[in-house]
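Peer 1: Chains as they are written, first to last, in full-length UniProt numbering: chain A, 1 to 293; chain B, 1 to 368.
Built from N, CA and C at the ideal position, the CB exists for glycine as well.
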């Protein structure tokens, strides 16, 4: 069948223009500017800049501080994505089997999603607060003296827990709808073919959930890498000192606190490359094992 | 292989609404039982209770020697073929068939032997390495059959397995299912809303309506002697003509033994056309006005009215009739069915002497 064609009209481009303008102004322009300034050494007062070639990159990559933050970012991302996905999947599978009061139960589990991210961050901080936070009390029952913002690992723990807590609701919604899109008859056929519920889950339910899980993995990695900025900012209370931060937060720290625009630009260019590579890897290698029924 | 015993089984969903109401059926070893009825009559619910996919509210279901009420579906030794095949989309055809066996800890080479044997029987050999989405509807249907066959269960359960296929494939698969069930000799319960499928497949036919069993019997017995007006109108196509007895304006010539007859029924093919004002012949004589002619090739159906009642008449070959034609029709007395006010079949409703008297009795002519 022939496609409908509009000839060489400019109309379609006019329709695309607003979207392209937004992308250009808010992505290509800053990205280009970041690439450009990553080759320059900026005078702290913004009066002049000197071309330094790849020096900014060499400085960043040879810095032990940068390596430490990078390693923390990897751990942070892996743990947040892993726990946010695993807990949400468990809740979704359990919620899916609930018959009585299913709606109330599901609404309560999605509740958190309705909270704006900064508010969620504040709530998380409140839960881990040194004086009124219930988690600090609970930890102390087990002899664990949680010191958020002081102890590196305690802060990291609180960050990961809060980030997971907020993301579980989103993942739960997607997993639940993914579960409900598995045909009832297929589940029933599995009931007849396999007596063990656990085995049924791993051989039938989980493989049929892989499109949802793959989508959520991409979303969760992106979330842990970039959307946790506000959370980290609140948790470290603007005093990064000995506290753990991620690469994205470090870009902000070095650029706007350290006034090292060149080095910070180099870092953001490196991040761009990492994201690009990550996307390629995810789609090239993961998609092969995903069953789109 | 096993007997299946359904004893006073009911399904109550909420409050007092009975989806299945005190149903008792016995299925002999190797017998092909068909549950037929309109949608919502409870036939699928009953099948799902046998499979263990629905809880049994009241009564007991026995497969072989075991009461299975509280057993998991996987522990009941049944295999089920679903309406939309319910194949595992992420598994190859081979794995779809092997899955149930692997979970039962059967040896690898035994699984392989059974799958290949079933694949040969069902001509699935070249398709074993394919995924379900690469198969046609008929092929998927055969894989679903294969998945049941390899299990070699005590009973097969079929939930409208052919309703997603086109008409030609459906009649082909119907013959195949019957043949397969005969050669394997496995007790089977088959649910359908298609009366033709039910008639051709069943050893024993169960007609259900509103959660209750209307009639159990051999297909032709059910056809020849429907137990109620519901069965009479459901089994056989086109449906049996049912006319309120009062509409016939009987003057006693039908030879009623008692006055409980509420409805008279006769099948379209039992009607013979007679010359107008024919006063001879045994049975019922009526005036019929043609509304529409439906030629099907080997036969034709005349749709029309007797008085205010709709009646369908079957004519061999091409019908020369046109809309608006008035013709005389007659039904031999032994082809008449009578039902009481509750729609139950009446036997021996005519006086013996009336049955033999051809000339005057049992004939009713009604001017139109």
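Starting from the beta carbon of residue 80 (chain B), find every residue of chain A whose beta carbon is closer than 8 Å, and list them in chain order.
Peer 2: Position 80 of the second chain, counting from 1, holds the residue named residue 80 (chain B). Chain A residues near residue 80 (chain B): 188, 189, 192.
Peer 1: Taking Cβ to Cβ, would you say residue 207 (chain B) is nearer than 8 Å to residue 47 (chain B)?
Peer 2: Here residue 207 (chain B) refers to the residue found at position 207 when the second chain is read from its first residue. Here residue 47 (chain B) refers to the residue found at position 47 when the second chain is read from its first residue. Their beta carbons are not under 8 Å apart, which means residue 207 (chain B) does not touch residue 47 (chain B) by this criterion.
Peer 1: The ligand ZN heavy atoms versus the CB of residue 92 (chain B): any closer than 7 Å?
Peer 2: The ligand ZN is not part of this structure, which contains no ligands at all.
Peer 1: Check this for me: beta carbons of residue 142 (chain B) and residue 100 (chain B), under 8 Å apart or not?
Peer 2: As a working mapping, residue 142 (chain B) is identified with position 142 in the second chain. As a working mapping, residue 100 (chain B) is identified with position 100 in the second chain. Not in contact: residue 142 (chain B) and residue 100 (chain B) (Cβ atoms no closer than 8 Å).
Peer 1: Alpha carbon to alpha carbon, how far is residue 242 (chain A) from residue 150 (chain A)?
Peer 2: Numbered from 1 along the first chain, position 242 holds the residue referred to as residue 242 (chain A). Numbered from 1 along the first chain, position 150 holds the residue referred to as residue 150 (chain A). Looking at the two C-alpha atoms, the distance is approximately 7 Å.
Peer 1: Should residue 98 (chain A) be flagged as near chain B, meaning a C-beta pair shorter than 8 Å?
Peer 2: Mapped onto the first chain, residue 98 (chain A) falls at position 98. Output row for residue 98 (chain A): interface = no.
Peer 1: Along the chain, where does the beta strand (DSSP E) that runs through residue 194 (chain B) open and close?
Peer 2: As a working mapping, residue 194 (chain B) is identified with position 194 in the second chain. From DSSP, residue 194 (chain B) is part of no beta strand (DSSP E); its letter is neither H nor E.
Peer 1: Just the C-alpha distance for residue 227 (chain B) and residue 345 (chain B), rounded to the nearest angstrom, thanks.
Peer 2: Position 227 of the second chain, counting from 1, holds the residue named residue 227 (chain B). Position 345 of the second chain, counting from 1, holds the residue named residue 345 (chain B). Straight-line Cα distance between these residues: approximately 5 Å.
Peer 1: Please identify, using Cβ separations under 7 Å, the residues of the region 201 to 222 of chain A that lie next to chain B, in order along the chain.
Peer 2: Cβ contacts with chain B: 204, 207, 208.
Peer 1: Tell me the rounded alpha-carbon separation between residue 324 (chain A) and residue 161 (chain A).
Peer 2: Since the first residue of chain A shown is 1 and the last is 293, residue 324 (chain A) is not available in this structure.
Peer 1: Ordered along the chain, which non-local residues of its own chain (more than five positions away) have a Cβ less than 8 Å from that of residue 266 (chain A)?
Peer 2: For the purposes of this step, residue 266 (chain A) is taken as the residue at position 266 of the first chain. Taken in chain order, the residues that qualify are 38, 56, 57, 59, 60.
Peer 1: Would you call the CB atoms of residue 146 (chain A) and residue 128 (chain A) closer than 8 Å?
Peer 2: As a position in the first chain, residue 146 (chain A) is number 146, starting the count at 1. As a position in the first chain, residue 128 (chain A) is number 128, starting the count at 1. Yes. Within cutoff.
Peer 1: Does any residue of chain A bring its CB to less than 8 Å from the CB of residue 53 (chain B)?
Peer 2: Position 53 of the second chain, counted from the first residue, corresponds to residue 53 (chain B). Yes, residue 53 (chain B) lies at the interface with chain A (some Cβ there is under 8 Å from its Cβ).
Peer 1: With distance defined between alpha-carbon atoms, name the residue in B:236, B:172, B:297, B:195 nearest to residue 122 (chain B).
Peer 2: Along the second chain, one-based indexing puts residue 122 (chain B) at 122. Checking every option, the nearest Cα to that of residue 122 (chain B) belongs to B:172.
Peer 1: Look at the Cβ atom of residue 304 (chain B), then the Cβ atom of residue 311 (chain B), and state whether they are nearer than 8 Å.
Peer 2: Position 304 of the second chain, counted from the start, is the residue given in the question as residue 304 (chain B). Position 311 of the second chain, counted from the start, is the residue given in the question as residue 311 (chain B). For residue 304 (chain B) and residue 311 (chain B), yes; Cβs fall inside 8 Å.
Peer 1: Roughly how many angstroms lie between the CA atoms of residue 27 (chain B) and residue 98 (chain B), to the nearest whole one?
Peer 2: Taking the second chain and counting its residues from 1, one reaches residue 27 (chain B) at position 27. Taking the second chain and counting its residues from 1, one reaches residue 98 (chain B) at position 98. Distance between the alpha carbons of residue 27 (chain B) and residue 98 (chain B): 28 Å.
Peer 1: Under 8 Å between beta-carbons, which chain A residues line up against residue 193 (chain B)? List them in chain order, please.
Peer 2: The count along the second chain starts at 1 and reaches residue 193 (chain B) at position 193. Those do not exist, as residue 193 (chain B) stays about 17 Å from chain A at its closest Cβ, beyond 8 Å.
Peer 1: Does the distance from the CB of residue 36 (chain B) to the CB of residue 179 (chain B) come in under 8 Å?
Peer 2: For the purposes of this step, residue 36 (chain B) is taken as residue 36 along the second chain, with counting starting at 1. For the purposes of this step, residue 179 (chain B) is taken as residue 179 along the second chain, with counting starting at 1. Cβ atoms of residue 36 (chain B) and residue 179 (chain B): not closer than 8 Å.
Peer 1: Report yes if the CB atom of residue 313 (chain B) is closer than 8 Å to the CB atom of residue 271 (chain B), and no otherwise.
Peer 2: Looking up residue 313 (chain B) in the second chain gives position 313. Looking up residue 271 (chain B) in the second chain gives position 271. Taking 8 Å as the Cβ cut-off, residue 313 (chain B) and residue 271 (chain B) qualify as a contacting pair.
Peer 1: DSSP state of residue 304 (chain B), grouped into three classes?
Peer 2: Looking up residue 304 (chain B) in the second chain gives position 304. Reduced to three states, the DSSP call for residue 304 (chain B) is strand.
Peer 1: Where does residue 12 (chain A) land, buried or exposed, given buried means 16+ other C-beta within 10 angstroms?
Peer 2: As a first step, residue 12 (chain A) must be located in the first chain, where it is residue number 12. Burial call: exposed.
Peer 1: Hey, could you find the ends of the alpha helix (DSSP H) residue 4 (chain B) is sitting in?
Peer 2: Counting from one through the second chain, the residue named residue 4 (chain B) turns up at place 4. Taken as a continuous stretch (DSSP letters only), residue 4 (chain B) belongs to no alpha helix (DSSP H), being part of the beta strand (DSSP E) at 4 to 12.
Peer 1: Assess, as a yes-or-no matter, whether the region 72 to 79 of chain A is touched by the region 224 to 234 of chain A under the definition of 3 or more beta carbon pairs within less than 8 Å.
Peer 2: Yes: at least three Cβ pairs fall under 8 Å.
Peer 1: Could you work out which residue in A:74, A:259, A:122, A:254 is closest to residue 63 (chain A) when comparing CA atoms only?
Peer 2: Taking the first residue of the first chain as position 1, residue 63 (chain A) is located at position 63. Closest option to residue 63 (chain A), Cα to Cα, is A:254.
Peer 1: So residue 94 (chain B) and residue 115 (chain B) are in contact, right, with Cβ under 8 Å, and what is the actual spacing, rounded?
Peer 2: Position 94 of the second chain holds residue 94 (chain B). Position 115 of the second chain holds residue 115 (chain B). Their Cβ separation, rounded to whole angstroms, is 6 Å, which keeps residue 94 (chain B) and residue 115 (chain B) in contact under 8 Å.
Peer 1: Would you call the region 203 to 219 of chain A and the region 177 to 195 of chain A in contact, with 3 or more CB pairs under 8 Å?
Peer 2: Counting Cβ pairs under 8 Å, three or more are found: they touch.
Peer 1: Return the first residue and the last residue of the beta strand (DSSP E) that residue 82 (chain B) is part of.
Peer 2: Looking up residue 82 (chain B) in the second chain gives position 82. Looking at the DSSP string, residue 82 (chain B) is not in any beta strand (DSSP E), and its letter there is neither H nor E.
Peer 1: Under 8 Å between C-beta atoms, does residue 106 (chain A) make it to chain C?
Peer 2: Absent from the structure: chain C. Protein chains present are A and B.
Peer 1: Where do the N-terminal and C-terminal ends of the alpha helix (DSSP H) with residue 178 (chain A) fall, by residue?
Peer 2: On the first chain, position 178 is the one that residue 178 (chain A) refers to. Start and end: 152 to 180.
Peer 1: Taking 8 Å as the threshold (C-beta atoms), are residue 343 (chain B) and residue 266 (chain B) in contact?
Peer 2: The residue you call residue 266 (chain B) lines up with position 266 of the second chain. The residue you call residue 343 (chain B) lines up with position 343 of the second chain. No; because the gap between Cβ atoms is not below 8 Å, this pair is not in contact.
Peer 1: What in chain A is Cβ-close to residue 371 (chain B), meaning under 8 Å?
Peer 2: This structure does not reach residue 371 (chain B), given that chain B is present from 1 up to 368, and the question cannot be answered.
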